[in-house]
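Take a look at the structure set out below.
In my numbering, the protein residues as written are 106 to 432.
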């Protein structure tokens with residue numbers, strides 16, 4: 106394994122989000138997906154219309170709550186969805202768990218800073234919420250928003266999730282990302298400088314059109330070199346009513362097979378430094394609009410198969426990947 110080898114991993118191999126949160130909060134942490142009511146410069150005409158070619162109508166937030174509701178009401182409803190996984194009192198999640206308010210769909214720093222500030226602080230005012238996780242684009246960090254995020258980070262834990270998807274600029278053009286690798290690097294540097302306590306997580310997608318293994322592993326290396334604290338990896342999903350759906354139906358895209366994806370994950374994990382947190386190795390596509398690859402629809406089966414693949418191929422060197430089900 107690359108990186109410093111002093112950390113004892115609870116799954117025997119990589120630094121999981123479960124372990125990271127337990128070290129930080131002393132308990133299990135659950136994310137409550139909510140909607141800030143934002144859009145994206147790639148949808149409202151500022152840079153383009155329609156979004157990235159893989160993005161659904163909900164802006165990758167198909168499981169988020171209704172953005173027309175107040176934030177506190179969204180949190181209450183989202184909490185009900187995960188309550189069956191927890192025990193203890195609702196305040197702070199009891200002794201067995203806490204929550205992060207996850208502003209998930211579209212670009213959650215793209216909008217009027219004063220309005221977003223109110224929504225972030227409303228989420229933090231809920232006694233059961235221990236922090237924020239804010240998903241956005243690296244080109245949506247104005248001076249005003251940086252100031253708001255800094256204020257939030259001084260009140261509670263702050264996780265900022267940046268969509269990189271790929272470091273191949275040609276692929277970036279194909280998927281209509283409309284920001285550059287330099288935008289991403291500058292965003293990470295700025296966050297580290299101005300909000301040093303912020304935990305930065307980078308999103309990557311494996312299986313983008315035309316990409317080879319070297320492109321995907323290169324994207325991982327680029328994110329790590331740029332200073333990310335955590336990684337989220339997902340297999341490319343083809344969803345209905347996206348530009349990618351047209352490419353797939355016309356035979357211009359071959360989604361990854363399950364074992365191909367596992368092989369990529371195995372090679373990714375062994376090159377991660379020990380201090381980079383693995384927040385996700387799978388992604389959930391809404392089954393109502395998921396077209397391909399259909400093997401991703403059964404998350405339990407995917408995680409069990411992934412664990413078996415890693416063991417069979419010696420990626421865990423005979424150790425149990427315990428805790429993989431939590432990713």
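C-beta atoms are modelled at their ideal positions from N, C-alpha and C, and glycine is treated no differently.
Can you tell me which residues form a DSSP beta bridge with residue i?
{"i": "residue 160", "result": "Answer is none; residue 160 lacks a bridge partner."}
{"i": "residue 335", "result": "306, 382"}
{"i": "residue 340", "result": "311"}
{"i": "residue 134", "result": "203"}
{"i": "residue 388", "result": "Residue 388 is not bridged to any residue."}
{"i": "residue 293", "result": "The partner list for residue 293 (beta bridge, DSSP) is empty, contrary to what the question assumes."}
{"i": "residue 78", "result": "The structure shown has nothing for residue 78, since the chain only spans 106 to 432."}
{"i": "residue 121", "result": "383"}
On the three-state DSSP scale, how would you describe residue i?
{"i": "residue 356", "result": "coil"}
{"i": "residue 247", "result": "coil"}
{"i": "residue 257", "result": "helix"}
{"i": "residue 347", "result": "coil"}
{"i": "residue 262", "result": "strand"}
{"i": "residue 371", "result": "helix"}
{"i": "residue 166", "result": "Any reading at residue 166 needs caution, since the residue's pLDDT is 45, under 50, leaving its predicted position unreliable; the model's value is listed next. It is coil, neither helix nor strand."}
{"i": "residue 195", "result": "Interpretation of residue 195 is limited by its pLDDT of 43, a score under 50 that renders its predicted location unreliable; the figure taken from the coordinates is listed afterwards. If DSSP states are grouped into helix, strand and coil, residue 195 belongs with coil."}
{"i": "residue 139", "result": "strand"}
{"i": "residue 223", "result": "helix"}
{"i": "residue 155", "result": "coil"}
{"i": "residue 209", "result": "coil"}
{"i": "residue 271", "result": "coil"}
{"i": "residue 229", "result": "helix"}
{"i": "residue 236", "result": "strand"}
{"i": "residue 144", "result": "coil"}
{"i": "residue 319", "result": "helix"}
{"i": "residue 395", "result": "strand"}
{"i": "residue 241", "result": "strand"}
{"i": "residue 283", "result": "coil"}
{"i": "residue 277", "result": "helix"}
{"i": "residue 111", "result": "Because the pLDDT of residue 111 is 41, which lies under 50, any placement of that residue in the model is unreliable, and the question is left without a value."}
{"i": "residue 214", "result": "coil"}
{"i": "residue 362", "result": "coil"}
{"i": "residue 409", "result": "helix"}
{"i": "residue 326", "result": "helix"}
{"i": "residue 288", "result": "helix"}
What is the C-beta distance between residue i and residue j, in whole angstroms, given that I count them as a contact (C-beta under 8 Å)?
{"i": "residue 267", "j": "residue 305", "result": "7 Å"}
{"i": "residue 270", "j": "residue 310", "result": "5 Å"}
{"i": "residue 341", "j": "residue 159", "result": "6 Å"}
{"i": "residue 346", "j": "residue 394", "result": "7 Å"}
{"i": "residue 135", "j": "residue 176", "result": "At roughly 17 Å, the Cβ-Cβ gap does not stay under 8 Å, so residue 135 and residue 176 are not in contact."}
{"i": "residue 295", "j": "residue 246", "result": "7 Å"}
{"i": "residue 336", "j": "residue 370", "result": "That belief does not hold up - the Cβ atoms of residue 336 and residue 370 are roughly 11 Å apart, past 8 Å."}
{"i": "residue 155", "j": "residue 348", "result": "7 Å"}
{"i": "residue 216", "j": "residue 133", "result": "So it is not a contact: roughly 31 Å between Cβ atoms."}
{"i": "residue 161", "j": "residue 377", "result": "So it is not a contact: roughly 29 Å between Cβ atoms."}
{"i": "residue 137", "j": "residue 205", "result": "7 Å"}
With a CB to CB cut of under 6 Å and the five nearest residues on each side skipped, what residues in its chain are close to residue i?
{"i": "residue 91", "result": "Coverage of the chain is limited to positions 106 through 432, which leaves residue 91 absent and any answer about it impossible."}
{"i": "residue 124", "result": "115"}
{"i": "residue 81", "result": "There is simply no residue 81 to check, as the chain begins at 106 and stops at 432 in what is shown."}
{"i": "residue 119", "result": "374, 383"}
{"i": "residue 333", "result": "305, 307"}
{"i": "residue 314", "result": "279, 358"}
{"i": "residue 303", "result": "258, 263, 265, 296"}
Of all Cβ atoms in chain B, is any one closer than 8 Å to the Cβ of residue i?
{"i": "residue 264", "result": "Looking at the structure shown, chain B is missing, and only one protein chain is on hand."}
Cβ of residue i versus every heavy atom of the ligand GTP: is any distance shorter than 7 Å?
{"i": "residue 365", "result": "No copy of the ligand GTP appears in this structure; indeed no ligand is present at all."}
Could you pull out every residue in the same chain whose Cβ sits closer than 7 Å to the Cβ of residue i, ignoring the five residues on either side in sequence?
{"i": "residue 356", "result": "none"}
{"i": "residue 255", "result": "299, 300"}
{"i": "residue 130", "result": "203, 235"}
Who are the near neighbours of residue i in its chain, counting only those whose CB is closer than 8 Å to its CB and skipping five residues on each side?
{"i": "residue 323", "result": "272, 273"}
field: Three CB pairs or more closer than 8 Å across the region 145 to 152 and the region 222 to 234
entry: Contact between the region 145 to 152 and the region 222 to 234 is absent: fewer than 3 CB-CB pairs across the two stretches fall below 8 Å.
message: Within 8 Å, do at least three Cβ pairs link the region 322 to 333 to the region 252 to 264?
response: Touching, no, given that fewer than three Cβ pairs across the two stretches are closer than 8 Å.
field: At least 3 beta-carbon pairs within less than 8 Å: the region 208 to 222 vs the region 178 to 185
entry: Segments in contact, no.
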